Amino acid sequence: MHDSNTHRLALALHFTLFLAPGIAAQASAKKASEETPPWESVNATPAWATDVPARAGCLRFVILGSSNVTPIAQRIAMKPGPRAIAQSLDKKLIDALGADLVAEVAAVADTKKHLVRRAHAFRTLTRRMVPGNTLAEAWTLWEVPIADILAGMAPADREKAVRVLLARKRESAWRLEVAPKWIEAAKVEVMESAPPQFALVCTASMPSAGWKLAVDKVTKRDASGRIRAYVTGTAPTEPGRAAKGSATLRLRLGQCEVGMLAVEVFFRSGETGAYVRRDVVMLTAAGR
């Protein structure tokens, strides 16, 4: 009887040891599939990794991990550290903050960051069995509430960080809504002031090279969100041979905390000409 029980116990132990690795692997796979957010398998760099989507009140950044195997690339992207975070920040933001403040912001962000999205890709570069024949990449999108960053900073640095981070947030929130005609390109800039002041920087198409544009007047935003800008163009004294040119126009918009904004541009050639409505730039504040 004793031998029979011993045999049954040994048999049960044998099956337990045999099944344990498989059960553990299934549990690990289930846990990985339930992680939030899940890993996205992609064939190329995701759009959100090249053009980081803005979110009001948050600082966002993307970390890239690369290796010859996917797990290592994922591990690098998931545990960036302050140095990698500092290097991943937008260059304009780095220039505005300065090296010391960037290091402080990155250190705080490393402890307060929240994972938004992540993706990975795997490519075979060559069929030859040589080192570096494969490339695995992983991207992680993180965000940190600006309030958390400011709370974790030294009081002496907080004032400048408030000005730069909040101005950057507002700038990234504006998007060109309708492509203009006379104006070839437009972007919103934020000046370092308290409170932040906005400017619309435009590139206008001109008959030839050498034209100069001067802003005569910019009206205040009315109740419908419309601003009128009056511009005078001065032709070059010696027109160039180019059949077409362009000129830069900078319009100070003031504090434009609205959901949509229409900037109407009125142009005249020379100081004695009459203003003619040439274009309208429609802007919208994303996420408002």
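Each number in our numbering corresponds to the 1-based position in the sequence shown with 22 added. Even glycine gets a Cβ: it sits at the ideal position worked out from N, Cα and C. The structure displayed is predicted, hence computed values, not measured ones.
Beta-bridge analysis with DSSP links Arg-272 to Val-223. The alpha carbon of Leu-271 has as its nearest neighbour, out of Trp-164, Phe-83, Leu-111, Asp-301, the alpha carbon of Asp-301. When the five nearest sequence neighbours on each side are left out, the beta carbons in the same chain lying within less than 7 Å of the beta carbon of Arg-248 are those of Ala-284, Glu-286, in order along the chain. Between Ser-89 and Ala-158, the beta carbon gap of about 5 Å places them in contact (Cβ cut-off 8 Å). For the options Trp-204, Lys-209, Glu-211, the alpha carbon positioned closest to that of Ser-227 is the one of Trp-204. Sorting Tyr-252, Glu-211, Lys-234 by C-alpha distance to the C-alpha of Glu-260 places Lys-234 at the top. Taking C-beta separations shorter than 8 Å and ignoring five residues to either side along the sequence, the partners of Pro-59 in its chain run Leu-137, Val-138, Arg-139, Arg-140, following chain order.
A Cβ-Cβ distance of about 23 Å is found for the pair Ala-160 and Ala-76, leaving them out of contact under the 8 Å criterion. Across the structure, Ala-169 and Asn-155 are spaced so that their CA atoms are roughly 45 Å apart. Leu-147 sits in coil when the DSSP states are folded into three classes, being neither helix nor strand.
Across the structure, Thr-254 and Leu-222 are spaced so that their CA atoms are roughly 17 Å apart. Taking C-beta atoms under 8 Å as the contact rule, Glu-165 and Leu-81 qualify, at a distance of about 7 Å.
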